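Single-structure report; data block below.
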Amino acid sequence: MKIGVIGGGQLGRMLALAGTPLGMKFVFLDPAQDACAAALGEHIRADYHDHEHLRQLADQVDLVTFEFESVPADTVAFLSQFVPVFPSAESLRIARDRLLEKNLFRSLDIPVAPYAAIDSQADLEQAAASIGLPAVLKTRTLGYDGKGQKVLRSSADVSRAFAELGSVPCILEDFVEFSGEVSLIAVRGRDGASKCYPLVHNTHNEGVLRVSIASDQHPLQALAEQYTSAVLEHLDYVGVLAFEFFEVDGGLKANEIAPRVHNSGHWTIEGAECSQFENHLRAITGLSLGSTAKLGESAMINFIGSVPGINKLAAVADCHVHDYNKAFKDGRKVGHATVRSVDADTMRRQLGKVKALIAADN
Ligand code: AMP
230 MKIGVIGGGQ
240 LGRMLALAGT
250 PLGMKFVFLD
260 PAQDACAAAL
270 GEHIRADYHD
280 HEHLRQLADQ
290 VDLVTFEFES
300 VPADTVAFLS
310 QFVPVFPSAE
320 SLRIARDRLL
330 EKNLFRSLDI
340 PVAPYAAIDS
350 QADLEQAAAS
360 IGLPAVLKTR
370 TLGYDGKGQK
380 VLRSSADVSR
390 AFAELGSVPC
400 ILEDFVEFSG
410 EVSLIAVRGR
420 DGASKCYPLV
430 HNTHNEGVLR
440 VSIASDQHPL
450 QALAEQYTSA
460 VLEHLDYVGV
470 LAFEFFEVDG
480 GLKANEIAPR
490 VHNSGHWTIE
500 GAECSQFENH
510 LRAITGLSLG
520 STAKLGESAM
530 INFIGSVPGI
540 NKLAAVADCH
550 VHDYNKAFKD
560 GRKVGHATVR
570 SVDADTMRRQ
580 LGKVKALIAA
590 DN
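Quick note: the sequence shown uses this note's numbering, first residue 230, plus one each step.
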């Protein structure tokens with residue numbers, strides 16, 4: 230089975246690492262010369278709009294998936310004429326647009342913070358008056374890792390923010406005073422069977438995920454599964470989907486969905502029976518899904534900008550290192566470590582050692 234992947238970053242790389250033992254081969258389409266997944270498969274270096282090279286990809290693979298949701302809609306539409314694409318073009322269309330996904334949540338009775346569509350400065354002023362401040366202005370598409378969004382706290386912010394984000398279509402959301410952030414990684418197969426991993430507690434800094442801790446029998450697990458299942462069924466979804474929530478007053482408010490393997494699911498490589506990467510590949514190729522059961526207690530920590538010395542990391546017991554082989558750059562995710570231990574106390578102690586190595590490296 231040969232899989233085409235749109236995008237050749239670390240998510241593509243980890244898909245290939247999971248699929249290779251299953252006999253799968255990978256072709257990545259990515260314009261970047263230094264796409265880090267290229268080491269694990271063929272690399273078609275081309276723009277996402279380049280129909281000649283998209284056709285070349287479609288002709289040599291059994292199906293196509295993608296590793297980021299900002300894939301242009303016409304890229305997926307074009308590929309879909311020649312080869313199956315999972316998740317579907319419709320799932321991608323909704324998940325890449327913050328307004329469409331919020332509308333979907335509301336139509337499925339999944340709680341969301343008050344929000345409004347913003348297409349002009351006048352819209353923003355009206356919405357800021359009705360929603361109130363603080364609020365968060367986000368571009369509808371192409372935002373990631375805290376990019377394409379601004380927290381508005383004053384009328385001066387309201388007067389500047391729309392232009393600062395490029396005067397593109399946006400949504401304004403109420404600022405949620407959450408007690409925590411959690412995500413649910415779910416997978417649904419081509420036959421409609423689905424499974425969920427344990428809820429993960431996430432800590433962000435400046436909009437970028439820093440640490441994910443897999444929970445043990447989280448009290449909101451069933452509720453998160455109920456909301457996620459409504460989305461999966463509605464979209465007739467195939468593949469891994471990540472659903473990010475805010476914890477508020479003992480309940481959940483939906484933040485966003487990602488139609489792909491997700492950073493907050495990296496811990497499943499060592500911390501679950503079958504990883505999110507293998508389960509995504511199982512789902513899209515029509516195989517039975519693997520067990521999502523947790524093995525021990527796990528936490529994942531991102532390496533942002535640089536990876537601390539491998540010799541020091543390797544000396545920390547229970548620490549599994551992933552260096553994406555990307556050029557080091559401020560603010561860039563260049564690797565992660567998962568600490569998996571037999572009990573939560575040991576895991577937190579070992580995680581503390583990795584945190585200390587990161588602090589010493591900066
Ligand atoms: P997002 O790209 O929407 O996931 O936003 C990145 C991070 O910004 C989230 O994980 C939150 O920590 C924060 N954030 C986003 N939206 C809101 C909101 N409406 N209220 C408070 N914090 C938010």
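Glycine is no exception: its CB is placed at the ideal position from the N, C-alpha and C atoms.
From a predicted model like this one, the values you see are computed outputs, not experimental measurements.
Query                                                                                                                                            : Result
Applying the 10 Å Cβ sphere with the 16-neighbour rule, what's the burial state of residue 493?                                                  : buried
Three Cβ pairs or more, each shorter than 8 angstroms: is that satisfied between the region 363-370 and the region 425-442?                      : no
Buried or exposed: which applies to residue 380, given that a residue is buried once 16 or more other Cβ atoms fall within 10 Å of its Cβ?       : exposed
With hydrogens ignored, establish whether the beta-carbon of residue 397 is closer than 7 angstroms to any heavy atom of ligand 1.               : no
Under three-state DSSP, which class holds residue 456?                                                                                           : helix
Specify, as a first and last residue, the run of the beta strand (DSSP E) that residue 225 falls within.                                         : Residue 225 lies beyond the range of the chain shown here (230 to 591); nothing can be said about it.
With distances taken between CB atoms, is the gap from residue 401 to residue 362 smaller than 8 angstroms?                                      : no
Could you give the DSSP three-state label for residue 345: helix, strand or coil?                                                                : strand
Need the endpoints of the beta strand (DSSP E) that residue 442 sits in, please.                                                                 : 437-443
Below 8 angstroms between beta carbons: does that hold for residue 337 and residue 312?                                                          : no
How about residue 403: is its Cβ closer than 7 angstroms to a heavy atom in ligand 1?                                                            : yes
Does any heavy atom of ligand 1 sit closer than 7 angstroms to the C-beta of residue 367?                                                        : yes
Who pairs with residue 570 in a beta bridge, going by DSSP?                                                                                      : 526
So what's residue 480 in DSSP terms, helix, strand or just coil?                                                                                 : strand
How many Å lie between residue 371 and residue 399 at the Cα?                                                                                    : 11 angstroms
Do residue 428 and residue 411 have their C-beta atoms within less than 8 angstroms of each other?                                               : yes
Is the CB-CB distance between residue 259 and residue 274 below 8 angstroms?                                                                     : yes
Report, in whole angstroms, the separation of the C-beta atoms of residue 466 and residue 309, which I expect to be a contact under 8 angstroms. : Contact doesn't hold; Cβ gap of about 16 angstroms is too wide.
Can you look up residue 551 in the DSSP assignment and give me helix, strand or coil?                                                            : strand
Can you list, in chain order, the stretches of the beta strand (DSSP E) that have 3 or more residues and sit fully within the region 278-322?    : 292-295
Is any heavy atom of ligand 1 found at a distance shorter than 7 angstroms from the C-beta of residue 484?                                       : yes
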